[in-house]
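Residue numbers (this note's numbering), protein chains in the order written: chain A, 7 to 116; chain B, 7 to 116; chain C, 7 to 116; chain D, 7 to 116. Ideal Cβ placement from N, Cα and C applies to all residues, glycine included. These notes concern the structure reproduced below.
Protein chains: 4
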Amino acid sequence: MANEQPAAKGTQSPHGASPGYVNSKDAHLKRLRRIEGQIRGLQRLVDSDTYCIDVLTQVSAATRALESFALGLLEEHLAHCVSEALTKGDEEAQAKVKEASAAIARLVRS
Amino acid sequence: MANEQPAAKGTQSPHGASPGYVNSKDAHLKRLRRIEGQIRGLQRLVDSDTYCIDVLTQVSAATRALESFALGLLEEHLAHCVSEALTKGDEEAQAKVKEASAAIARLVRS
Amino acid sequence: MANEQPAAKGTQSPHGASPGYVNSKDAHLKRLRRIEGQIRGLQRLVDSDTYCIDVLTQVSAATRALESFALGLLEEHLAHCVSEALTKGDEEAQAKVKEASAAIARLVRS
Amino acid sequence: MANEQPAAKGTQSPHGASPGYVNSKDAHLKRLRRIEGQIRGLQRLVDSDTYCIDVLTQVSAATRALESFALGLLEEHLAHCVSEALTKGDEEAQAKVKEASAAIARLVRS
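So this is what it looks like as structure tokens:
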């Protein structure tokens, strides 16, 4: 369904920089579609009255998959930030580090 | 899609007990459909090259929603275990506590 | 230092029930002393300018040790709650389940 | 006790770089001493048979304090990495990003 989106126009990042993950976009989308499948699997489990503990095991698996997706995205972003430091200077790069650190804190605490 | 499942037959829990969450099944399914929407939203964000940090914020929100779903399920399950202790005796209830504790550990560590 | 505490008097739980972990108190204290050692080890690492990533690895180990301590405590508490249901009735046991679930939520989210 | 360590020699980082957190060492040590106090407080709680749920609340607080310490350390490290990219070149900086990402993954999963 997401594929019906008119994304071809290539909406720019709201921060005016092309995102660091463009090259691996297909891999990210594939991962997200697999997670979507896991969530739909959870609905089937609940719908067929599956034993609670077995549902919880699948929730843990989906949570881990989401975390892995986030960690992959973050690694690319940090790599991108570091490269940008070389072209845009230290000050802008440090602002990005602050922003990335806040995102890391949200991940660690969620 | 989950709704096409022939779940009306009321598949029993593999452990021979009707799951503790039957009464709130609709609420759980509604919650999961909302999470599915969040995952599809993530696909749209990636597909339209949204800035990485903004994608990560949405990942944190989806992770928290999954955790809340799991915590709700778990609370009902524990309530069910405790009630069962009164009818099935302490030994069986203690086995359930062990099993639930393992599920909690997976949630805490994921 | 904790050992200098006059704990022999057996301060009662604020909720009027003897805690579910009394039997394994020594094991819990041993675990906490080991974690205290890990925190002191972290201080030595920082004090001697150890490489940040190596410090972070030890922080992850200490966090996991704290989580394991909490999970052990929680399992005993749940076992205790279930046993109590048999003597104190379902209503009181269900109140305990609510309380335990809130503690689990704090652990999962921290 | 950590202060008795002969740390004055200024042990170098094993990776040959002075750690990024040297300037804020005192703040980090102060934070760790407070966490050590929290762990000792936990021992007193267990030793005096405090109600399990109240002990768990304090464990969550200590875990969050450890996470905050880690996140602070990490932010400084990333800032340091980015600055280094300007002097040591992109290749070395990218190796650091890989290493930092692995540490972030350990934090998110612990």
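- Task: Flag residue 88/D as yes if its beta-carbon sits less than 7 Å from any beta-carbon of chain A, otherwise no.
- Result: Translated into the one-based positions of the fourth sequence, residue 88/D becomes position 82. Closer than 7 Å to some Cβ of chain A, the Cβ of residue 88/D qualifies, so yes.
- Mind checking residue 40/C: buried by the 16 CB within 10 Å criterion, or exposed? Numbered from 1 along the third sequence, position 34 holds the residue referred to as residue 40/C. Label assigned to residue 40/C: exposed.
- Message: Can you look up residue 56/C in the DSSP assignment and give me helix, strand or coil?
- Response: Locating residue 56/C in the third sequence gives position 50, counting from the first residue. For residue 56/C, the three-state secondary structure derived from DSSP is coil.
- Hey, does residue 13/A have any beta-carbon neighbour from chain B nearer than 7 Å? Here the question's residue 13/A lines up with position 7 in the first sequence. Summary for residue 13/A: the model assigns pLDDT 38, below 50, so the residue's position carries little reliability; its value from the coordinates is reported in the next sentence. Yes, because at least one Cβ of chain B sits closer than 7 Å to the Cβ of residue 13/A.
- So, is residue 53/A buried or exposed, given that buried needs 16 or more other C-beta atoms within 10 angstroms? Residue mapping note: residue 53/A aligns to position 47 of the first sequence, counting from 1. Answer is buried; the Cβ neighbour count reaches 16.
- Message: Quick check: is the beta carbon of residue 99/A nearer than 7 Å to any beta carbon in chain D?
- Response: As a first step, residue 99/A is located in the first sequence; it is residue number 93 there, counting from the start. With 7 Å as the cut-off, residue 99/A counts as an interface residue toward chain D.
- Under the assumption that residue 34/A contacts residue 79/A (Cβ atoms under 8 Å), give the Cβ distance between them as a whole number of angstroms. Position 28 of the first sequence holds residue 34/A. Position 73 of the first sequence holds residue 79/A. Confirmed, about 7 Å.
- Buried or exposed (CB count within 10 angstroms, at least 16 for buried), residue 99/C: Start at 1 with the first residue of the third sequence, and residue 99/C comes out as number 93. With 16 or more other Cβ atoms within 10 Å, it is buried.
- Can you give me the Cβ contacts of residue 103/D inside the same chain, cut-off strictly under 8 Å, excluding the 5 residues immediately before and after it? Counted from its first residue, the fourth sequence places residue 103/D at position 97. For residue 103/D, where only same-chain residues beyond five positions count, the Cβ hits under 8 Å are 87.
- Would you verify that the beta carbon of residue 37/B is, or is not, closer than 7 Å to some beta carbon of chain A? Working through the second sequence from its first residue, we reach residue 37/B at position 31. It does not; no Cβ of chain A falls within 7 Å.
- Query: Is it buried or exposed for residue 55/B, if we count other Cβ within 10 angstroms and need 16 for buried?
  - Reply: Counted from its first residue, the second sequence places residue 55/B at position 49. Buried is the call here.
- Item | Candidates 114/A, 115/A, 110/A, 116/A: closest to residue 6/B by CA position | The shown model of chain B, from 7 to 116, leaves out residue 6/B, and the question about it has no answer.
- Would you say residue 113/B reaches chain A, if we count a Cβ-Cβ gap shorter than 7 Å as a contact? In the second sequence, residue 113/B corresponds to position 107, counting from 1. Against chain A, the CB of residue 113/B has a partner CB under 7 Å away; the residue lies at that interface.
- CB-CB under 7 Å to residue 112/A, same chain, minus the five flanking residues each way: which ones, in chain order? Here residue 112/A refers to the residue found at position 106 of the first sequence. Nothing listed; no residue qualifies.
- Return no unless some Cβ of chain B is closer than 7 Å to the Cβ of residue 40/A. For this step, residue 40/A is matched to residue 34 along the first sequence. Chain B contact via Cβ: absent.
- Query: Rounded C-beta distance between residue 61/C and residue 72/C? I'm assuming under 8 Å.
  - Reply: Walking along the third sequence from the start, residue 61/C turns up at place 55. Walking along the third sequence from the start, residue 72/C turns up at place 66. The Cβ separation is near 17 Å, so there is no contact.
- Would you kindly check if the distance between the Cβ of residue 48/A and the Cβ of residue 38/B is under 7 Å? In the second sequence, the residue the question calls residue 38/B occupies position 32. In the first sequence, the residue the question calls residue 48/A occupies position 42. Against a cut-off of 7 Å, the Cβ pair of residue 48/A and residue 38/B comes out as a contact.
- By a C-beta neighbour count over all protein chains shown, 10 Å radius and 16 as the cutoff for buried, is residue 81/B buried or exposed? By one-based count along the second sequence, residue 81/B stands at place 75. Here residue 81/B is buried, its C-beta having at least 16 other C-beta atoms within 10 Å.
- chain D contact for residue 81/C (CB, 7 Å cutoff): Numbered from its first residue, the third sequence carries residue 81/C at position 75. No, residue 81/C lies away from the interface with chain D (no Cβ there is under 7 Å from its Cβ).
- Task: Identify, in the order they occur along the chain, each residue of the same chain with its Cβ nearer than 6 Å to the Cβ of residue 20/A, setting aside the five sequence neighbours on each side.
- Result: Within the first sequence, the letter at position 14 stands for residue 20/A. In this prediction, residue 20/A has a pLDDT of 45, which is less than 50 and means its spatial position is unreliable; nothing more can be read from the coordinates.
- Query: Should residue 66/A and residue 116/B be called a contact, given that it needs their Cβ atoms to be closer than 7 Å?
  - Reply: By one-based count along the first sequence, residue 66/A stands at place 60. By one-based count along the second sequence, residue 116/B stands at place 110. Yes, they are a contact pair.
- When the Cα atoms are used, what is the spatial distance from residue 30/C to residue 57/C? On the third sequence, position 24 is the one that residue 30/C refers to. On the third sequence, position 51 is the one that residue 57/C refers to. Residue 30/C and residue 57/C: Cα-Cα distance of roughly 38 Å.
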